[in-house]
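Protein chains in written order, with the working numbering: chain A, 3 to 403; chain B, 9 to 158. Backbone N, C-alpha and C fix where the C-beta goes; we use that ideal spot for every residue, glycine too. All figures in this text were calculated on a predicted structure; none of them were measured in a lab. Below is one structure; the comments refer to it alone.
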């Protein structure tokens, strides 16, 4: 009886909190979100919500709760969310942290593609999992494993990207060759099947997220690599559908020699300017040459990051994300911690990355938080951020102007 | 006597609650001789190698003052305990909820890469070093630091 009353009370509190969360939008929420361990499935109480916008302007968000990936949608920019749909019908352990989280992509015929890294037996092991919905997210096909080596080893930190011609690429960190490497697979039939896995590059860092973006003739990848003995700088590569031996370049030269886990992968966004497609990147380093969060764009000829600008050198500056707005402004968001509060700041460039406006505070929290992400919506640029106390927020970014 | 030994073996691998003041207390307790502080986490592959190394060093020199702090959140407590059991090591474990705060308490200048090592001199001055250490580097440093203290 008591536990029943308790659960009703908790449910009522949650209802109030969720109502507060969904009606106050970007204004600070004072009450704390209460998420019971076995409570209802809810984007505010899940882990690692990751958004995308469909052509109609609807937000689709994948998140993890328990041993399921869920899909929820929002037609009012995060004020309210649809009842979550279970993506995997069979329970499985899922990697769900800031660096390693489920991904969502949209096919050219309205398919919804979802991928994630499954936790398998043994230390740091996993499989790349994939499914799709052909009925706008009502149902999902049985989940498939994309890595084709059949080995119990690391296959984690996948990224998913659709190329201009509609081909679907997945790339991930893979230890089938013992050392961590970047492997990829492409589907030429909208996710019905995948071509054999191929290696993009040997000796990558083993716990940093990868960044992907469309490129001419395929997909651009940007990731933390190990150069020389132990230099953890970034590599850039463009992988195509029939490219079994892709080349990659050292794209950042920060000279970060370290045998450690930075847990700090880069981000990339693409801009079209006339015939030229420009890959804008942001990354974190603590190298001998520079320390903090930096911006650069990939020079098409040399494939090196050039036009490098400092975004933040604060010791706590972390996990930058980048987006190119419809008006070609470039936005970067990142986190900083001041001793008690975690803040998300933004910086904007209105001239293709040459000059960056003074940083602006966009959101804060007093407890644990996910990595900040950016998406373009009809409401403008939104910051997607899950915080333990406030729940999931989609916050319209405010300009300096 | 036998019971005592069994209990002491059993009690060897355990977590100690790390709170706001813990680092100050650990520093105070170790002051006067050189010691090593190692920050690690369960999601850090090189940390596992370093923990195995520390376990080996501790087997050879059980009294060598080496303190461990886990950067894991409450959700990983069981995993932390399993790794400590396997290596027969003790570690501090954060009782607060905000891991950013733990990083800040340990070192506001540190960017979070793991493992993170702090070499404390007898006078309390410390030198940070990121990345997995070698056994030689650890034993050599202790030897040198003790010689310069004496």
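Asked                                                                                                                         : Found
7 angstroms Cβ cut-off: residues of chain A touching residue 149(B)                                                           : Under the 7 angstroms cutoff, chain A gives no residues; its nearest Cβ is about 17 angstroms from residue 149(B).
Below-8 angstroms beta-carbon distance, residue 339(A) vs any chain B residue                                                 : yes
At least three beta-carbon pairs within less than 8 angstroms, the region 341-355 of chain A to the region 364-379 of chain A : yes
Span separating the alpha-carbon of residue 155(A) from that of residue 132(A)                                                : 18 angstroms
Residue 202(A): CB within 7 angstroms of a non-hydrogen atom of the ligand ATP                                                : What this structure holds is no ligand at all, so the ligand ATP is not there to describe.
Short CB-CB distance (under 8 angstroms) between residue 4(B) and chain A                                                     : Coverage of chain B is limited to positions 9 through 158, which leaves residue 4(B) absent and any answer about it impossible.
Residues near residue 120(A) in its chain [Cβ-Cβ closer than 7 angstroms; skip 5 each side]                                   : 94, 95, 96, 128, 129 and 131
Amino acids of chain B, ordered along the chain, whose beta-carbon sits closer than 8 angstroms to that of residue 320(A)     : 119 and 120
8 angstroms contact criterion, which residue 185(A) and residue 200(A) should meet: CB distance rounded                       : 7 angstroms
Cβ pair residue 72(A), residue 87(A) closer than 8 angstroms                                                                  : yes
Reduced DSSP category for residue 94(B) - H, G, I as helix; E, B as strand; rest coil                                         : helix
Alpha-carbon to alpha-carbon, residue 150(A) and residue 114(A)                                                               : 22 angstroms
Touch test, the region 209-223 of chain A against the region 278-296 of chain A, Cβ-Cβ under 8 angstroms, three pairs minimum : yes
8 angstroms contact criterion, which residue 38(B) and residue 128(B) should meet: CB distance rounded                        : 6 angstroms
Residue environment, residue 8(A), which counts as buried when at least 16 other CB atoms sit within 10 Å                     : In this prediction, residue 8(A) scores a pLDDT of 45, lower than 50, which makes its location untrustworthy; no coordinate-derived value is stated.
Chain B contact for residue 263(A) (CB, 8 angstroms cutoff)                                                                   : yes
DSSP bridge partner residues for residue 315(A) (one or two, in chain order)                                                  : Bridge partners of residue 315(A): none, in fact.
Positions along the region 282-294 of chain A whose CB lies within less than 7 angstroms of some CB in chain B                : 288
Status (buried if at least 16 other CB within 10 Å, exposed otherwise) for residue 268(A)                                     : buried
DSSP-derived helix/strand/coil call for residue 223(A)                                                                        : strand
From 98(A), 44(A), 361(A) and 67(A), residue whose alpha carbon lies closest to that of residue 82(A)                         : 44(A)
Environment of residue 5(A) [buried if 16+ CB atoms lie within 10 Å]                                                          : For residue 5(A), the predicted structure reports a pLDDT of 44, less than 50, and the residue's modelled location is therefore unreliable. The matter cannot be settled from this model.
Where residue 194(A) falls, given that 16 or more other Cβ within 10 Å makes a residue buried                                 : exposed
Bridge partners - residue 46(A), DSSP secondary structure assignment                                                          : Answer is none; residue 46(A) lacks a bridge partner.
The region 304-318 of chain A: positions lying closer than 8 angstroms to chain B by Cβ                                       : 317 and 318
8 angstroms Cβ shell around residue 100(B) - same chain, five flanking residues per side excluded                             : 23, 24, 25, 26, 30, 34, 75, 76, 77 and 78
Inter-residue spacing [alpha-carbon to alpha-carbon] between residue 310(A) and residue 336(A)                                : 17 angstroms
Where the region 200-225 of chain A meets chain B: residues whose CB sits under 9 angstroms from a CB there                   : 208 and 209
C-beta atoms of residue 59(B) and residue 66(B) nearer than 8 angstroms                                                       : no
Residue 105(A) and residue 117(A) closer than 8 angstroms at C-beta                                                           : yes
Proximal residues to residue 369(A) (C-beta, below 6 angstroms), its chain only, five neighbours per side dropped             : 390 and 391
Bridge partners - residue 414(A), DSSP secondary structure assignment                                                         : In the structure displayed, chain A extends from 3 to 403; residue 414(A) sits before or after that span and is not available.
Neighbour flag for residue 95(B) against chain A, beta carbons, 8 angstroms                                                   : no
Exposure of residue 135(B), with buried meaning 16 or more beta-carbon neighbours within 10 Å                                 : exposed
Assumed close pair residue 305(A), residue 238(A) - CB separation to whole angstroms, cut-off 8 angstroms                     : 5 angstroms
Assigned secondary structure, residue 99(A) (DSSP; H/G/I helix, E/B strand, else coil)                                        : coil
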